[in-house]
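Trainee: Starting off with a structure, shown below.
Pasting the structure below:
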């Protein structure tokens, strides 16, 4: 796939989720199990219990056992029984503590599945209601309240920053993140979230500054990978590259702890043309990958087919939505690709990339226009100037006969600073303006824009854009029954579209169906 | 006729003896309330003609059993040193007539012939009716006034110890002793205490008390180097945790443990204290919410929650009353807690009168 929604460049910048999910993903854990430090023992509490059996000694023993992790003593069971029997004296917390112990004993503690989302639904209208309506504002309100009642809790400030970032309140997001960094400058969660936010805001240097300030950086593979990837994203050499190699060779960390570091180093080698080294590093990243390292290799394999691998072979990766969305796309499994892009959007709502892909699939492939529009609106909350989303929403409104609605977003497009846009984006927008004009009946003007788009597309090294302009233009000519339709239909039919441009192949087929005489249809 | 082998332990053979010509050893009780691990000492009820008292005899044998292979002379020297240290602190308490610390009435050493180690060092205390675990209940608010009064006594006791440069450092429910039909609480067991002008034999920078009650910094293998600050920050935490225990039956450590993801708990975390602080604070705020939910009278509960918030704050350097943080030497003082608890206990008394 080579669409406008594909990453031009991808680095293993940390993926920012809410704290609860990040924890459950296992990114913040130490993979080494330790014995409790010091000389924790519950001998004293047991001896006391054997002499005096009251709710007080039961509580003392159960607390000590819980904290020290010693549950298999008969005295602890006796104390638990007494607490259960004497609920009138025990109170809520003590009973809950007993339940917590029983959960540990029976192994009922929460474990992560393969999907971890705040809201898990494929119903876009419902998602939109969540983000537009009371549910989202209630979350924002509750989190804001928490920043007041828990002003020294860095986690709450990071959550606040994430919510601000999701609603394009970037100044406030940055301020909240600054507070979190002041409160916990060595926290892996805070530093990785801050890295993602600052990169997102175009302030990668600031991310590097805070990472560098942390005493944890040099020994924490999760921070080191963030530093290397962020440096790479702005074309800077990280002095910590060497340290990265030292860490992966140290054998002190689990494969999961190293997966992003392997991936970041692999990307570096790949960029330097060291394919063999890159392959070795990426292979190591796959020993126990996470969603980010998997997505990184998916992107690399797109750039260089010699890196091909089967992303679906890694069933234990949690939230592999980005990888799956692109991979299903490549296999022309549109519905699966769409579902995964929606989940990717739910997973990282501060990112426009999933909204761009989902809205493209909804409007151009699946003809689920209302969903496409809803997704665009969600994405535009994060970045109201995103050219891809503006393009997709204008397309959706135009092809469903609502020019007045398209007009508003067309105005937004015209208001963009076109000199800052990429050539691919200019080509795409020019073609879409052509489409709006042709749908409005201004055929000549519309064709003019399409011709202009085609000229631009032909200058691009990526043939995808040329194919897309021709296919879309042909469709509009056919619908308008314009005399040029035969010429363009032939040109479209003659296109030798490479097999990996799966969406071009699908769309051409769809347009070809339009050209079949109605009597045969 | 059968012969029952007598254990070779002089500490077990005090019953019936007259010590220092004054104390009649009446009977053995086991274990002594509020002593450092009943295992290491043997308790007796003694009488001086006027009142009953409690005698705590050092049990060398327990240490031989605990450290098999260690040289007897070495154990004797170590234990004697520890006993001597505790005795010195208790004498200091006695000299200063600290009203909320269990009082030493007498002390000495008895030689009981016929044993390999005939010396039995002992301490005689005013006798307690038990510790708070014998009477406490966690549900309901009927005991509210009593709990607040007891906590007030504990805070006074800790403040009194500060006055003589001692940090208790092993405060836990079993070390809060009850007197006068439970109306008065006193601190017992200075066996693991620290002192800023006498080096404790057990002082090595680690937590000296029962580790399951240790403040989180110790659980995460961090210790403040300055002894004076460390021992005070420790007592403030232990006091806050005790307060939580009085009302919920759970310690702050248990609440923290319960409210933190398993990945961040001290039995899993090896990443040092600084990187854990953020998660610890998050868990602490959740633990506070849980504590707060116990109070039907929100305003009343808020005062106690506030106290727990600054007493049990997980970062030891930032622990203590917020106003005290700006005043040199006041950060870990108990004055404000004492006033607050005094006020609250009086209010509670009126409420339930």
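Protein chains in written order, with our numbering: chain A, 7 to 527; chain B, 3 to 355. Beta carbons are placed, not taken as given, at the ideal position from N, Cα and C, and that holds for glycine. Keep in mind it's a predicted model, so treat the numbers as computed, not measured.
How would you write the range of the alpha helix (DSSP H) that residue 31 of chain B sits in, first residue to last?
Mentor: Taking the first residue of the second chain as 1, we reach residue 31 of chain B at position 29. Segment 25-31 is the beta strand (DSSP E) holding residue 31 of chain B; no alpha helix (DSSP H) there.
Trainee: Since residue 48 of chain B is in the beta strand (DSSP E), which residue starts that stretch and which ends it?
Mentor: Locating residue 48 of chain B in the second chain gives position 46, where the first residue counts as 1. Unbroken beta strand (DSSP E) run through residue 48 of chain B: 43-49.
Trainee: Where does the unbroken beta strand (DSSP E) through residue 223 of chain A begin, and where does it stop?
Mentor: Looking up residue 223 of chain A in the first chain gives position 217. Per DSSP, residue 223 of chain A belongs to no beta strand (DSSP E) and is neither H nor E.
Trainee: Would you give the residue range spanned by the beta strand (DSSP E) that residue 179 of chain B belongs to?
Mentor: Residue mapping note: residue 179 of chain B aligns to position 177 of the second chain, counting from 1. Looking at the DSSP string, the run of the beta strand (DSSP E) that includes residue 179 of chain B is 178-181.
Trainee: Distance, Cα to Cα, residue 318 of chain A vs residue 460 of chain A?
Mentor: Counting from one through the first chain, the residue named residue 318 of chain A turns up at place 312. Counting from one through the first chain, the residue named residue 460 of chain A turns up at place 454. Going from the Cα of residue 318 of chain A to the Cα of residue 460 of chain A covers about 37 Å.
Trainee: Taking 9 Å as the cut-off, decide whether the C-beta atoms of residue 177 of chain B and residue 190 of chain B are in contact.
Mentor: Position 175 of the second chain, counted from the start, is the residue given in the question as residue 177 of chain B. Position 188 of the second chain, counted from the start, is the residue given in the question as residue 190 of chain B. Against a cut-off of 9 Å, the Cβ pair of residue 190 of chain B and residue 177 of chain B comes out as a contact.
Trainee: Within 9 Å (strictly less), CB to CB, does residue 72 of chain A reach chain E?
Mentor: In the structure shown, chain E does not exist; the protein chains are A and B.
Trainee: Can you grab the Cα-Cα spacing for the pair residue 337 of chain B / residue 346 of chain B, in whole Å?
Mentor: Here the question's residue 337 of chain B lines up with position 335 in the second chain. Here the question's residue 346 of chain B lines up with position 344 in the second chain. About 14 Å.
Trainee: DSSP three-state call for residue 281 of chain B: helix, strand or coil?
Mentor: Along the second chain, one-based indexing puts residue 281 of chain B at 279. Helix.
Trainee: Just the C-alpha distance for residue 190 of chain A and residue 279 of chain B, rounded to the nearest angstrom, thanks.
Mentor: Here residue 190 of chain A refers to the residue found at position 184 when the first chain is read from its first residue. Here residue 279 of chain B refers to the residue found at position 277 when the second chain is read from its first residue. One C-alpha to the other measures close to 7 Å.
Trainee: Can the beta-carbon of residue 126 of chain B be found closer than 9 Å to that of residue 192 of chain B?
Mentor: Locating residue 126 of chain B in the second chain gives position 124, where the first residue counts as 1. Locating residue 192 of chain B in the second chain gives position 190, where the first residue counts as 1. No. Outside cutoff.
Trainee: When the distance is taken between beta carbons, is residue 435 of chain A closer than 9 Å to residue 419 of chain A?
Mentor: For the purposes of this step, residue 419 of chain A is taken as the residue at position 413 of the first chain. For the purposes of this step, residue 435 of chain A is taken as the residue at position 429 of the first chain. Yes, these two residues count as a Cβ contact at 9 Å.
Trainee: Would residue 84 of chain B be called buried (16 or more neighbouring beta carbons within 10 Å of its own) or exposed?
Mentor: Walking along the second chain from the start, residue 84 of chain B turns up at place 82. Buried, because 16 or more other Cβ atoms sit within 10 Å of the Cβ of residue 84 of chain B.
Trainee: Starting from residue 133 of chain B, follow its DSSP beta bridges and name the residues at the other end.
Mentor: In the second chain, counting from the first residue as 1, residue 133 of chain B sits at position 131. DSSP output for residue 133 of chain B lists B:179 as bridge partner(s).
Trainee: Could you check which residue in B:156, B:54 and B:123 has the C-alpha nearest to that of residue 240 of chain B?
Mentor: Here the question's residue 240 of chain B lines up with position 238 in the second chain. When only C-alpha atoms are compared, the closest one is B:156.
Trainee: State the Cα-Cα distance for the pair residue 40 of chain A and residue 222 of chain B, rounded to the nearest angstrom.
Mentor: The residue you call residue 40 of chain A lines up with position 34 of the first chain. The residue you call residue 222 of chain B lines up with position 220 of the second chain. Residue placement at residue 40 of chain A cannot be trusted, given a pLDDT of 47 that sits under 50; what the coordinates show is reported in the next sentence. Rounded to whole angstroms, residue 40 of chain A to residue 222 of chain B spans 11 Å at the Cα level.
Trainee: CA-CA distance, residue 222 of chain A and residue 256 of chain A?
Mentor: As a first step, residue 222 of chain A is located in the first chain; it is residue number 216 there, counting from the start. As a first step, residue 256 of chain A is located in the first chain; it is residue number 250 there, counting from the start. Approximately 16 Å, taken between the alpha carbons.
Trainee: Helix, strand or coil for residue 330 of chain A per DSSP?
Mentor: Numbered from 1 along the first chain, position 324 holds the residue referred to as residue 330 of chain A. Helix.
Trainee: Assign residue 173 of chain B to buried or exposed, taking buried as 16 or more other Cβ atoms, counted over all protein chains shown, within 10 Å of its Cβ.
Mentor: Stepping through the second chain from its first residue, residue 173 of chain B is reached at position 171. Result: buried.
Trainee: Using a Cβ cut-off of 9 Å (strictly closer), state whether residue 144 of chain A contacts chain B.
Mentor: Walking along the first chain from the start, residue 144 of chain A turns up at place 138. Cβ-Cβ to chain B under 9 Å: no for residue 144 of chain A.
Trainee: Using a Cβ-Cβ distance cut-off of 9 Å, determine whether residue 40 of chain A contacts chain B.
Mentor: Sequence index remark: in the first chain, residue 40 of chain A carries index 34 (1-based). Any reading at residue 40 of chain A must be qualified, since the residue scores a pLDDT of 47, below 50, and its modelled position is unreliable; the value itself is stated next. Yes, contact with chain B.
Trainee: Would you verify that the beta carbon of residue 436 of chain A is, or is not, closer than 9 Å to some beta carbon of chain B?
Mentor: Locating residue 436 of chain A in the first chain gives position 430, where the first residue counts as 1. Chain B, which has no Cβ nearer than 9 Å to the Cβ of residue 436 of chain A, makes this no.
Trainee: In this structure, how does DSSP classify residue 197 of chain B when only helix, strand and coil are distinguished?
Mentor: One-based indexing of the second chain puts residue 197 of chain B at position 195. In the structure shown, residue 197 of chain B sits in a strand (DSSP, three-state: E or B).
Trainee: Mapping the DSSP letters down to three states, classify residue 339 of chain A as helix, strand or coil.
Mentor: Locating residue 339 of chain A in the first chain gives position 333, where the first residue counts as 1. If DSSP states are grouped into helix, strand and coil, residue 339 of chain A belongs with coil.
Trainee: Please state if the CB of residue 247 of chain B and the CB of residue 175 of chain B are separated by a distance shorter than 9 Å.
Mentor: Within the second chain, the letter at position 173 stands for residue 175 of chain B. Within the second chain, the letter at position 245 stands for residue 247 of chain B. Contact flag set, yes.
Trainee: Quick check on residue 398 of chain A - is its C-beta less than 9 Å from some C-beta in chain B?
Mentor: Residue 398 of chain A sits at position 392 when you count from the first residue of the first chain. Closer than 9 Å: no.
Trainee: Name the residue from B:50, B:109, B:185 and B:31 whose alpha carbon lies nearest to the alpha carbon of residue 44 of chain B.
Mentor: By one-based count along the second chain, residue 44 of chain B stands at place 42. Among B:50, B:109, B:185 and B:31, the Cα nearest to that of residue 44 of chain B belongs to B:31.
Trainee: Closer than 9 Å, Cβ to Cβ, to anything on chain A: give me those residues from the segment 270-287 of chain B, in chain order.
Mentor: Against chain A - using a Cβ distance shorter than 9 Å - the residues of the segment 270-287 of chain B are 270, 271, 272, 273, 274, 276, 277, 278, 279, 280, 281, 283, 284, 286 and 287.
Trainee: With burial defined as no fewer than 16 other Cβ atoms inside 10 Å of the residue's Cβ, what is the status of residue 531 of chain A: buried or exposed?
Mentor: Since the first residue shown for chain A is 7 and the last is 527, residue 531 of chain A is missing from the structure and cannot be characterised.
Trainee: In or out: residue 504 of chain A buried (at least 16 other Cβ within 10 Å) or exposed?
Mentor: Here residue 504 of chain A is taken as the residue at index 498 of the first chain, counted from 1. The residue in question, residue 504 of chain A, is exposed, as its Cβ has fewer than 16 Cβ neighbours within 10 Å.
Trainee: Evaluate residue 159 of chain A with the Cβ neighbour count: other Cβ atoms within 10 Å of its Cβ, from every protein chain shown; 16 or more gives buried, anything less gives exposed.
Mentor: Residue numbering aside, residue 159 of chain A sits at position 153 when the first chain is read from its first letter. Burial call: buried.
Trainee: Whose C-beta lies closer than 8 Å to the C-beta of residue 327 of chain B among residues of the same chain, with five residues either side of it excluded?
Mentor: If you number the second chain from 1, residue 327 of chain B lands on position 325. Correct list, in chain order: 320 and 333.
Trainee: Could you name the residues of the same chain whose beta carbon sits closer than 6 Å to that of residue 250 of chain A, not counting the 5 residues immediately before and after it, in chain order?
Mentor: The residue labelled residue 250 of chain A in the question sits at position 244 within the first chain. Closer than 6 Å at the Cβ level, and outside the excluded window around residue 250 of chain A, lie 230, 234, 267 and 271.
Trainee: Any beta-carbon of chain A closer than 9 Å to the one on residue 236 of chain B?
Mentor: To locate residue 236 of chain B, count along the second chain from 1; it is residue 234. So no, residue 236 of chain B is outside the interface.
Trainee: Is any beta-carbon of chain A found at less than 9 Å from that of residue 324 of chain B?
Mentor: Counting from 1 along the second chain, the entry for residue 324 of chain B is found at position 322. Closer than 9 Å: no.
Trainee: Would you verify that the beta carbon of residue 39 of chain B is, or is not, closer than 9 Å to some beta carbon of chain A?
Mentor: Position 37 of the second chain, counted from the first residue, corresponds to residue 39 of chain B. Note that residue 39 of chain B scores 47 on pLDDT, short of 50, meaning its location in the model is unreliable and no value can be drawn from it.
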